[in-house]
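Some notes on the structure that comes next.
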Amino acid sequence: MEIPDELFCLFSAEVEANGDSYRIEIPTREVTDGDLRPGEVYRVALLASDSTSPLEESSKENPERRDQGPPIAEGDRRTVDIKDIGKQGDGIARVERGYVIIVPETEIGDRVTIEIKNVQETLAFGEVIEHVEPTHHE
Numbered sequence: 008m009e010i011p012d013e014l015f016c017l018f019s020a021e022v023e024a025n026g027d028s029y030r031i032e033i034p035t036r037e038v039t040d041g042d043l044r045p046g047e048v049y050r051v052a053l054l055a056s057d058s059t060s061p062l063e064e065s066s067k068e069n070p071e072r073r074d075q076g077p078p079i080a081e082g083d084r085r086t087v088d089i090k091d092i093g094k095q096g097d098g099i100a101r102v103e104r105g106y107v108i109i110v111p112e113t114e115i116g117d118r119v120t121i122e123i124k125n126v127q128e129t130l131a132f133g134e135v136i137e138h139v140e141p142t143h144h145e
């Protein structure tokens, strides 16, 4: 399964009965630390719990990467596209589940290979190893 760049978050949740409807709770961290905003409308995709997601495949290769933890580890190298600029002026890239990586000294549109230096639950910091020529899709 391909994970689109537009994915804001990915988490596991139980479908709960709520009177004559059903409910899925969104973890608080997805609003406080992520890109979701109360009152906004989002498209939701549901996958059966017995399906194997790309994240689960990654977890098989590296058991330290579980469903609720960061999808990366310190020392990982990734090529990422800078899509936004943060409040401090640093570039922002997103990887699996919309996980945020802060990349100093980059600008929107940069494609860079980074090394992950600091991993936290909701975001990581990367250091530019090299600038990569962006690919142009027409």
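Counting from 1, position 58 in the sequence shown corresponds to residue 65 in my numbering; the numbering is continuous, with no gaps. We treat Cβ as the ideally placed atom computed from N, Cα and C, and that holds for glycine.
Quick one, which of the options has its alpha-carbon nearest residue i's?
i	options	result
V107	T113, E114, G98, I115	G98
V48	F15, Y29, A80, G76	F15
P113	E122, Q127, I89	Residue identity differs from the one stated: residue 113 is Thr in this sequence, not Pro. For T113, the nearest C-alpha among the options comes from I89.
V22	V51, H138, E122, E128	V51
H138	V119, F132, L53	V119
So what does DSSP say about residue i, is it helix, strand or coil?
i	result
E68	The predicted position of E68 is uncertain, since its pLDDT is 47 and thus under 50; a value taken from the coordinates is nonetheless stated next. In this structure, E68 counts as helix in the three-state DSSP scheme.
R36	helix
A105	The sequence as given places Gly at residue 105; Ala does not occur at that position. In this structure, G105 counts as helix in the three-state DSSP scheme.
Y49	coil
I115	coil
L43	coil
I121	strand
D91	strand
Who are the Cβ neighbours of residue i in its own chain at under 7 Å, not counting the five residues just before and after it?
i	result
A20	I31, E32
For the beta strand (DSSP E) that residue i lies in, which residues bound it at each end?
i	result
V135	130-139
Starting from the C-beta of residue i, find all residues in its chain whose C-beta is less than 6 Å away, skip the five residues before and the five after it, and write them out in chain order.
i	result
D40	T129
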